[in-house]
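Worksheet: the structure to be examined is printed underneath.
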Amino acid sequence: MKQQKNTFINTKVLIKVVSALKAKVFLLICVFITSTLGVLLSNWLMTSNIASANFDRTDFLQPAPIQPLLSYDYFGKLLSPQEAAQIVTSKGLDANDPTSYQRVGAVKITKELIAQGENIFLNRKIGDTFGLQGVFGLGQGSNRISDELGVAIANLQGQSTTNLKITLQKDLTLGSRTFPKGTVIPTGLKVQQGKVVALGTTSTGDITCALCHATLSNDGKILAGVPNGEIAFPFFLALAPNTAAGFARANFNPLDPQYKGNGKTIIDSKGNKVELPDPEKFEKAFDDAVLDLPSGHFESSPDGIRNTTQIPSVFTFKNHPYAFSGNFAVGPFAGLSSINNGVHSSEINILAAAQLSEKTLGIDPEVYIGTFLQNAAVPSLRLPEGTIVKPSEWLRGVIAKNPQQAELEDQIPAPGTGTYPNLQPSLFTYNGLVFSPNTGKTEDIASGTFLFAANAMSAFQNSLVPPANQTQENWKALNSNSVKRGAKVFERANCATCHIPPFFTDNIIHPLDEIGANPARAQSGLALDKLLVAPKLYTFNTPVPIPESAEVLDVPTQGISDNPTTLPKGILPKGGYKTVSLRGLYLSAPYLHDGGVAVRAGSLKVDPNGRFTIVDKSGLGLTATLSQGIPADAASSLRALVDRELRAKVVEANKANPSLVRSNLDGTGHNFYVDKLAGFNSNQQTDLINFLLALDDAPGSF
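In this note's numbering, the protein residues as written are 57 to 758.
Here is the structure:
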């Protein structure tokens with residue numbers, strides 16, 4: 057407002073100066089000034105930290121600003137080269153030396169860095185070979201259906217598909233379920249034209265970020281950032297021989313009497329003999345829990361809570377904090393590097409959770425490690441027969457030749473977190489570990505100085521924008537002005553109070569009581585609050601392995617948490633949910649963190665006046681959609697999001713499915729409606745839906 061006021065005063069002065077000129081001359085001057093100011097303002101918006109706040113909120117259909125090249129990320133603040141240089145010089149460093157920026161924690165955003173991040177995102181494996189393959193057995197699981205995958209890909213005859221369907225050649229038993237020979241399973245795998253390996257997978261059985269966070273366009277091009285809502289992740293996990301190694305992801309107590317049987321006896325951390333669960337019973341029960349989940353859903357946090365969420369989109373620029381609960385909020389790129397790190401460490405490294413299992417799960421760490429190992433996919437990693445051992449000590453002996461590679465592949469403790477295996481969490485890393493492959497590993501595309509890979513992926517993800525919605529429905533909605541009318545409804549319904557354009561988020565974590573959604577995800581991680589140490593990182597020029605003389609950076613937490621050792625504001629005391637961006641909604645159905653607001657295409661009939669009727673009640677909820685590997689329809693699911701009567705029926709359908717109830721997937725909460733009771737007619741509701749579906753790279757145009 058201050059800038060606008062000064063511009064107005066200067067314009068009045070200018071009018072007096074040119075009052076003697078002819079009208080045409082004056083008009084040309086005004087046009088020149090307006091044009092110049094417009095260019096200057098546009099450039100300023102592209103580099104300012106408050107671009108979103110200065111956006112014209114009356115025009116919700118302008119394209120959002122994009123991440124500007126050659127700017128710097130400074131712990132979530134976007135700086136111009138001049139601003140970054142000022143910070144460097146204020147620290148007594150040389151602004152002409154690129155290393156100086158790395159030493160203060162500034163990351164220069166370049167085409168090269170974005171390209172490196174894209175390469176890592178699409179092609180670099182996630183997870184450690186020891187845990188994910190040797191113990192869990194992800195690759196062994198995929199091998200169980202290798203013949204079916206080979207036949208299905210061969211049958212494509214070189215063409216692409218967005219959902220590879222396999223036909224079982226033999227009976228397949230997972231948990232207590234048997235899939236008969238001849239069963240057709242939609243895997244959700246994307247296969248590009250001419251490829252023999254699915255997008256996001258490797259020939260060695262490893263997976264990359266693209267498995268869950270990319271899809272293919274109709275012409276077979278990779279659309280990075282779009283969630284793969286069809287991926288049959290639960291099926292692929294249950295195929296692994298030791299899926300139960302991830303038991304901490306759900307409410308499974310390995311010492312529950314119902315799992316007693318032929319488990320090995322170990323010595324726990326207090327010197328007591330403890331009988332582990334029967335490996336077959338435990339695996340069967342856990343496979344059943346995994347198969348409860350719909351496609352496109354995952355469970356990644358080792359907190360003993362079933363806080364299943366759907367795979368999110370990755371249009372991340374100005375969409376901080378990250379994760380549905382917003383707990384990734386500090387560090388480079390406003391927490392984006394933290395969540396990228398988490399995917400490679402705390403989410404995938406299933407052994408590391410043993411460090412805090414006593415405090416967060418109430419499970420002795422030796423019991424945790426023993427349960428993890430006794431049914432390992434690779435026999436040499438299983439606890440010995442006929443000998444009572446302390447699992448951690450036995451494991452150290454087995455992998456004594458290379459413990460770092462075995463347990464901490466490409467991961468190092470963050471400064472200030474302690475010494476592995478007794479690390480403390482921080483707001484940046486929830487298991488004390490940082491994914492950062494050795495600097496000298498030239499064959500590894502993620503190799504570089506400290507935190508290079510996570511920062512590169514952040515720069516790449518922040519360069520992604522929702523692809524254009526070029527459906528016939530969007531063309532009609534734009535040409536009939538339904539989208540423009542919907543923008544007015546969006547404003548009148550006060551949706552913009554939280555979903556502030558142009559990124560359609562307020563970047564705030566709202567308390568659970570305010571959002572009212574299923575509490576499971578919101579409560580995830582609350583147990584860490586009393587265990588946190590202040591977040592610290594090595595400077596970004598530090599080589600790996602870390603030298604003793606390495607410089608350390610304090611990660612800023614001001615404005616994010618009350619102090620460096622408490623969870624972000626909005627999470628305490630009961631948990632909370634961040635305001636998600638609405639960009640790309642047409643590609644990210646179903647809705648809410650749990651994906652519970654799901655409606656199958658053809659379930660609703662909408663007349664020309666916007667009134668809808670349910671023509672197929674069996675198409676409501678996750679049971680009718682992703683639980684069967686069937687996509688949810690974006691327009692119908694959005695209607696269920698904003699219409700309370702339809703939502704109630706969707707929630708009812710979800711709650712009628714015991715599998716969904718056990719997984720805390722119900723579609724409740726976010727009770728902000730645009731329907732008859734809220735004062736809106738059917739046409740206005742339809743216009744709002746068309747507006748939401750139009751929020752792509754350029755919402756106002758086709």
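Just so it is clear, CB atoms sit at the ideal spot from N, CA and C, and this is done for glycine as well.
*Alpha-carbon spacing of A254 relative to Q189, whole angstroms*: 19 Å
*Using the rule of at least 16 other Cβ atoms within 10 Å of the residue's Cβ for burial, across every protein chain shown, is I444 buried or exposed?*
Its Cβ having fewer than 16 others within 10 Å, I444 is exposed.
*Run through DSSP, which three-state label would H269 get?*
helix
*Enumerate, from N- to C-terminal direction, the unbroken alpha helix (DSSP H) stretches of 4 or more residues contained entirely within the stretch 401-472.*
413-416, 421-429, 447-454, 459-463
*Out of C268, L407, P119, P603, state which residue places its alpha-carbon closest to the alpha-carbon of G488.*
Ranking the options by Cα distance to G488, first place goes to L407.
*Three-state secondary structure (DSSP) at R639?*
coil
_Within 7 Å, strictly: CB atoms of P599 and T505_ = yes
_Using C-beta distances below 7 Å, list every residue in its chain close to A294, excluding the 5 sequence neighbours before and after it, in chain order._
L230, G231, D343, V346, L347
*asked:* On the criterion of 16 or more Cβ atoms from any shown chain inside 10 Å, does V653 qualify as buried, or is it exposed?
replied: buried
*asked:* Tell me which residue opens and which closes the alpha helix (DSSP H) that V539 is part of.
replied: 538-548
*Could you say if the stretch 645-652 and the stretch 361-376 meet the contact criterion of at least three C-beta pairs nearer than 8 Å?*
yes
*In whole angstroms, what is the alpha-carbon distance linking Y486 and N396?*
Rounded to whole angstroms, Y486 to N396 spans 12 Å at the Cα level.
*Under three-state DSSP, which class holds V253?*
coil
_Beta-carbon proximity list for G617, same chain, < 8 Å, skipping 5 on both sides_ = Correcting the residue type first, residue 617 is Ser in the shown sequence and not Gly. Same-chain partners within the cutoff: A385, V386, L483, L623, P624, K625.
*Ignore the nearest five residues each way along the sequence and tell me which others in P522's own chain have a CB closer than 6 Å to its CB.*
F371, R639, G640, D752, D753
*Would a C-beta distance cut-off of 7 Å place A709 and L676 closer than the cut-off?*
yes
*Secondary structure at T67, three-state DSSP: helix, strand or coil?*
Below a pLDDT of 50, predicted positions are generally treated as unreliable, and T67, at 36, falls in that range; the measurement from the model is reported next regardless. Here DSSP, grouped into helix, strand and coil, assigns T67 to helix.
*Classify E499 as buried or exposed, calling it buried when 16 or more other Cβ atoms lie within 10 Å of its own Cβ.*
exposed
*On the DSSP bridge assignment, give the partners of L479 in chain order.*
G474
*Contact under 7 Å by Cβ, A515 with I170*: Yes. Within cutoff.
*Hey, L660 and P350 are a contact pair by Cβ (cut 8 Å); roughly how many whole angstroms apart?*
With a Cβ gap of about 20 Å, L660 and P350 do not count as contacting.
*Go ahead and label K237 buried or exposed: buried means 16 or more other beta carbons lie within 10 angstroms of its beta carbon, across all protein chains shown.*
exposed
*For P313, is the classification buried or exposed, using 16 other Cβ atoms within 10 angstroms of its Cβ as the cut-off for buried?*
exposed
*Would you identify the three-state DSSP class for S627, choosing helix, strand or coil?*
A small correction: the amino acid at residue 627 is Ile; Ser does not occupy that position in the sequence shown. If DSSP states are grouped into helix, strand and coil, I627 belongs with coil.
_DSSP state of A107 mapped onto helix, strand, coil_ = Its pLDDT being 41, under 50, A107 is placed unreliably in this model, and the value from its coordinates should be taken loosely. Looking at A107 - three-state DSSP - the assignment turns out to be coil, as it is neither helix nor strand.
_Rounded to the nearest angstrom, what separates F186 and E355 at their Cα positions?_
Rounded to whole angstroms, the gap between the alpha carbons of F186 and E355 is 20 Å.
*Name the two residues that bound the continuous alpha helix (DSSP H) containing F508.*
Element bounds for F508: 508-517.
*On the three-state DSSP scale, how would you describe D332?*
Rather than Asp, the amino acid found at residue 332 in this sequence is Leu. Coil at L332, not helix or strand.
*Look up K673 in the DSSP assignment and say whether it is helix, strand or coil.*
helix
*Find out if the Cβ-Cβ distance for the pair P469, L479 is shorter than 7 Å.*
Contact flag set, yes.
*Indicate the three-state DSSP secondary structure (helix, strand or coil) for T218 in the structure shown.*
If DSSP states are grouped into helix, strand and coil, T218 belongs with coil.
*According to DSSP, is G756 helix, strand or coil?*
coil
*Measuring CA to CA, which of N179, T234, Q684 is closest to M513?*
N179
*Just mark V671 as buried or exposed, buried being the case when its beta carbon has 16 or more other beta carbons within 10 Å.*
With fewer than 16 Cβ atoms within 10 Å of its Cβ, V671 is classed as exposed.
*Are V160 and A151 close, meaning C-beta to C-beta below 7 Å?*
no
*Spell out whether any CB of chain E is found under 7 Å from the CB atom of I627.*
Note that chain E does not occur in the displayed structure, where there is just one protein chain.
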